[in-house]
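Protein chains in written order, with the working numbering: chain A, 1 to 130; chain B, 1 to 547.
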C-alpha cells in the first residue's frame with residue numbers, strides 16, 4: 001500500500017547516484033564510452049571511432065584500449081559478446097550498459113558545467129585586458 | 001617484414017599477465033594487424049609496452065585494490081596515449097617517475113587498513129552538482145517565501161515553529177510527520193534553486209544526516225493568503241540522471257494516453273476507471289491541460305482530475321525529474337541494500353517503545369514495513385512489552401505499508417490464527433486471504449486490553465490495523481476518523497519521466513463485508529488526535545482498576 005505523497009516517495013531507497021563514484025572520467029575512458037554510445041563495436045572499431053570523433057587529433061592503441069575495457073567490463077559499464085558478424089568470426093564486440101550510459105551522461109553534464117565556467121572566466125579575463 | 005613486426009608485438013603480448021593476455025591477447029593481436037598500416041609500428045609497440053607496465057602494476061596490487069581502481073578514478077586510469085606524438089618527452093619521463101612514486105605509496109597504504117580507507121574515501125560532497133560554498137539565495141517570490149519558511153521551521157526542529165508553518169502555510173502536513181522527517185534527515189542544506197517562477201520553485205537539497213540528495217518542487221496558491229498547493233521531495237535513486245524536461249504537446253499526449261491505458265486495465269473498479277478516463281478526455285478536449293510545460297504541475301493536475309471523480313488518494317501520477325528505470329518494480333541489489341539501510345536508519349518506522357505508569361505498554365509505529373526486513377525489530381519491541389497489563393498502539397502518524405506486517409503485529413493479540421481480510425486483486429482477478437500467524441510461544445498479550453490511537457492522517461495500512469481490530473472487537477480505537485484509503489497500489493511506468501500508481505486491489509473484511517475506502521475508520525472514542533494518548537491511558541487505567 002502506497003502512502004501519503006512525501007513519505008511514500010521518500011520510502012523508496014535513497015542513495016547518491018551510483019554513477020557519481022566513477023566521475024570524473026579520464027579522457028581515454030570518456031572516448032571509449034563515447035565511441036560505444038551509438039553502436040556496439042569491436043576493438044578496432046572503437047579505435048577508429050575514437051579517432052573519428054576527435055577529428056583524428058587523438059588515437060588510442062590496443063594497449064590503452066584494453067587497459068580501459070578491462071576496467072569498464074569489471075565495473076559493469078560495458079558488456080562484451082562474441083559477434084555474430086560472419087565477416088569477423090568470433091571477434092568480441094563491446095556494448096555500453098545502462099549504467100555506462102548514465103555515467104557517460106553524467107560526465108557530459110559535468111563537462112558542460114566546466115566549459116560554461118571556463119568560458120565565463122575567459123570572458124572575464126578578456127574584458128579586464130580591454 | 002610485417003611478419004617480424006607481428007611476432008615482436010606478440011612477444012610483448014606474451015609478457016603481459018596471464019589473466020589479461022588470455023582475455024584480451026587475441027583481440028589485441030587482431031587489432032594490431034588492422035591498425036598497423038594507419039597507426040605505424042612504433043606507436044603501436046610503445047602503446048603495448050605502456051600497457052605491459054600498467055598491467056603488471058595493477059597485477060601487483062591485491063584484487064581488492066584492483067576493484068577499487070575504477071570507482072576511485074585510479075591513478076592508472078588517466079592514461080591517454082597520443083600515438084601521433086613523437087618519442088617520449090621530458091613530460092612523459094616526469095609523469096612516469098611520478099606514477100612510480102605514487103604507485104609505491106598506494107601499495108604501502110594498501111597494506112595498511114587505515115590507509116586503504118583513506119584512499120577509498122572520496123570527496124563526494126565536493127562533487128555534488130550545483131553545490132556552492134555560500135548558500136544559494138532563495139528567490140523573492142511567493143513560492144520562494146514559502147520555501148524559506150519551510151526550511152527555517154524544518155531545520156530548527158522546533159515543534160512550535162513547525163506548527164506555525166503547518167498552520168499558516170501548509171495545512172496538508174502534520175507536525176508529527178514533519179518532526180519525524182526532520183529526525184530522519186537531520187534537516188536539509190539547500191544546494192541550489194533550479195527553477196523559479198512566482199508561484200513555483202524547484203530546488204535541490206542535501207540531507208544533513210547522509211549524502212542523500214533530494215529534488216524538491218514547491219507550488220503555492222496565487223491568491224492570498226499564500227498556501228502550499230503541492231510540495232514534493234524525492235531522493236535521487238541509485239543511477240538517477242537528473243533531466244528536468246519541458247513538456248511539449250507530444251509528451252503531454254503520451255502521458256494522457258498512458259494514464260488512460262493503465263486506468264482501464266488495472267484500476268480496482270472498472271466502472272470508476274471508465275468515469276475517470278472520460279473526465280480526463282473531457283479536460284483534454286476543453287484545453288485545460290494545454291499550457292502545462294512543467295512535469296510536476298502536469299502530474300498534479302491530472303492526479304486532481306482523476307481524484308475529483310474517484311476520491312481515491314492512493315491514485316497518483318508521478319513525474320520524475322530524472323529518468324525512470326526500464327523496470328521500476330524490479331529491485332536491483334543496490335536498491336535492496338539501500339532499502340535496508342533506510343529501514344535501519346529509521347528503525348523500521350518504530351518511533352517509541354515504552355512502559356507507561358500502571359504498566360501500560362506503549363508502541364508508536366509510523367509505518368508497517370516489510371517483515372522480510374523489519375521482523376526482528378518489531379518482534380524485539382513486542383517482546384519488551386510482553387509483561388504489560390494493557391497495550392496502546394499509537395498510529396497517529398502511521399501512513400501504511402505492508403499488510404503482512406499488519407498481520408504479524410495482530411498475531412500478538414490472538415490465541416489462534418485469525419482471518420483478517422480477503423485481499424482482492426483485479427489484475428489477477430484473484431483473492432488472497434490475510435490471516436494472523438500461529439500463536440507466538442510465551443506471548444501474554446492475548447487477553448490484555450488493547451487501544452489504537454488514530455488521527456485524520458492515519459492512512460492505508462495504519463487504517464487496516466485499526467479496522468481489523470475494531471471489527472474483531474479486539475481493540476478500542478481512540479482519536480479521530482482516519483484518512484480513508486483502503487486500496488493497494490501497483491506502479492506502472494508510462495515513459496522515461498512519468499509513472500502512475502494505480503490502486504488495483506482492495507481488502508474485503510470478513511465481518512463488515514466491505515472496506516474503509518473514502519469513509520475512513522471511525523474511532524470508538526472520538527477525541528482530538530492530540531488528546532488521544534491521555535484519553536487511552538485513562539481508559540486503560542479505569543479498566544485495570546475494575547479488575
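Even for Gly, the Cβ is constructed at its ideal location relative to N, Cα and C. Bear in mind that the values here come from a model prediction, so they are computed numbers and not experimental data.
(request) Pick helix, strand or coil for residue 294/B, following the three-state DSSP scheme. (result) Under the three-state reduction of DSSP output, residue 294/B falls in the strand class.
(request) Return the chain-ordered list of same chain residues with a C-beta closer than 7 Å to the C-beta of residue 438/B, the five sequence neighbours on each side being excluded. (result) Excluding positions up to five away in sequence, the list reads 417.
(message) Would residue 71/A and residue 29/A be called neighbours here (beta carbons separated by less than 9 Å)?
(response) A contact, by the Cβ cut-off of 9 Å.
(request) List the endpoints of the continuous alpha helix (DSSP H) containing residue 262/B. (result) Segment 249-266, the alpha helix (DSSP H) holding residue 262/B.
(request) Report the residue ranges of all beta strand (DSSP E) runs contained in full by the stretch 452-516 of chain B; include only those spanning at least 3 residues, in chain order. (result) Runs of the beta strand (DSSP E) inside the stretch 452-516 of chain B: 476-479, 488-493, 498-508.
(message) Does residue 29/A come out as helix, strand or coil in the three-state DSSP assignment?
(response) Assignment of residue 29/A by DSSP, reduced to helix, strand and coil, places it in the helix class.
(message) Threshold first: 3 residues or longer. Then list the beta strand (DSSP E) segments lying entirely within the stretch 345-409 of chain B, N to C.
(response) Whole beta strand (DSSP E) segments, 3+ residues: 350-356, 360-365, 390-394.
(request) Could you tell me whether any Cβ in chain A is nearer than 9 Å to the Cβ of residue 166/B? (result) No, its Cβ sits nowhere closer than 9 Å to a Cβ of chain A.
(request) Provide the residue(s) that pair with residue 215/B in DSSP beta bridges, ordered along the chain. (result) In the DSSP assignment, residue 215/B forms a beta bridge with 204/B, 234/B.
(message) Assuming residue 66/A is part of the alpha helix (DSSP H), what are its boundary residues?
(response) For residue 66/A, the enclosing alpha helix (DSSP H) begins and ends at 62-74.
(request) Express the C-alpha separation of residue 43/B and residue 82/B in angstroms, rounding to a whole number. (result) With a pLDDT of only 34 at residue 82/B, under 50, the local geometry of the prediction cannot be trusted, and no value is derived from it.
(request) Assign residue 67/A to buried or exposed, taking buried as 16 or more other Cβ atoms, counted over all protein chains shown, within 10 Å of its Cβ. (result) Residue 67/A counts as buried, since no fewer than 16 other beta carbons sit within 10 angstroms of its beta carbon.
(message) Using only CA atoms, which one of 533/B, 434/B, 245/B lies nearest to residue 508/B?
(response) Selected option, being the one with the closest Cα: 434/B.
(message) Is residue 42/A close to chain B? Criterion is C-beta to C-beta, closer than 9 Å.
(response) Chain B, which has a Cβ nearer than 9 Å to the Cβ of residue 42/A, makes this yes.
(request) Report the option in 339/B, 446/B, 283/B, 252/B whose CA atom is closest to the CA atom of residue 391/B. (result) Closest option to residue 391/B, Cα to Cα, is 446/B.
(message) For the stretch 354-366 of chain B against the stretch 396-407 of chain B, do three or more pairs of beta-carbon atoms, one drawn from each stretch, fall closer than 8 Å, so that the two count as touching?
(response) Cβ pair count under 8 Å is three or more, so yes.
(request) Mind listing the chain B neighbours of residue 35/A? Cutoff is C-beta to C-beta under 7 Å, in chain order. (result) In chain order: nothing, as chain B lies at least about 13 Å away.
(message) Is the separation between the beta-carbon of residue 432/B and that of residue 267/B shorter than 9 Å?
(response) The Cβ atoms of residue 432/B and residue 267/B lie no closer than 9 Å to each other.
(request) Pull out every residue of the stretch 103-124 of chain A whose Cβ sits closer than 8 Å to any Cβ of chain B, in chain order. (result) Going along the stretch 103-124 of chain A in chain order, one finds 105, 106, 109, 110, 113 with a Cβ nearer than 8 Å to chain B.
(request) Find the residues of chain C that neighbour residue 405/B, judging by a C-beta separation of less than 9 Å, and give them in chain order. (result) Within the model displayed, chain C is absent; protein chains A and B are what it includes.
(message) For a cutoff of 9 Å on Cβ pairs, would you count residue 2/A as touching chain B?
(response) Bear in mind that a pLDDT of 30 at residue 2/A, under 50, signals an unreliable position, so the model cannot answer this.
(request) With a threshold of 8 Å, establish whether the CB of residue 25/A neighbours any heavy atom of the ligand HEM. (result) Only the bare structure without any ligand can be found here, which leaves the ligand HEM out of the picture.
(request) Kindly say whether residue 63/A, judged by its beta-carbon, lies nearer than 9 Å to any beta-carbon of chain B. (result) A Cβ of chain B is located within less than 9 Å of the beta carbon of residue 63/A.
(request) Out of 45/B, 24/B, 23/B, point me to the one whose CA is closest to residue 2/B's CA. (result) Just measuring C-alpha positions, the residue of 45/B, 24/B, 23/B sitting nearest residue 2/B is 45/B.
(message) Contact criterion: CB-CB distance below 9 Å. Does residue 69/A meet it with respect to chain B?
(response) Yes, because at least one Cβ of chain B sits closer than 9 Å to the Cβ of residue 69/A.
(message) Only counting the same chain, and skipping five residues up and downstream in sequence, which positions put a Cβ closer than 6 Å to that of residue 522/B?
(response) Excluding sequence neighbours, residue 522/B sits near 481.
(message) For a contact defined as C-beta to C-beta under 8 Å, what are the partners of residue 92/A on chain B?
(response) Contact of residue 92/A with chain B by beta-carbon distance below 8 Å involves 27.
(message) Please report whether the beta-carbon of residue 252/B lies at a distance below 9 Å from any beta-carbon of chain A.
(response) For residue 252/B, the nearest beta carbon of chain A is not closer than 9 Å to its own beta carbon.
(request) Determine the chain A residues that contact residue 241/B at a beta-carbon separation under 7 Å, and present them in chain order. (result) Simply 102, 105, 106.
(message) For the pair the stretch 305-314 of chain B and the stretch 233-253 of chain B, tell me if three or more CB-CB distances fall below 8 Å.
(response) Short answer: they don't touch.
(request) Rank 487/B, 511/B, 254/B, 497/B by C-alpha distance to the C-alpha of residue 504/B and give the top, closest one. (result) Among 487/B, 511/B, 254/B, 497/B, the Cα nearest to that of residue 504/B belongs to 487/B.
(request) Quickly, what does DSSP pair residue 422/B with across the bridge? List them, please. (result) Partner(s): 433/B, 508/B.
(message) Quick test of your reading: residue 262/B and residue 500/B, contact by CB under 8 Å. State the CB separation rounded to the nearest angstrom.
(response) With 8 Å as the limit, residue 262/B and residue 500/B qualify as a contact, their Cβ atoms being about 5 Å apart.
(request) With DSSP as the reference, label residue 23/B as helix, strand or coil. (result) Helix at residue 23/B.
(request) For residue 221/B, name the three-state secondary structure that DSSP assigns. (result) Residue state, collapsed to three classes: coil.
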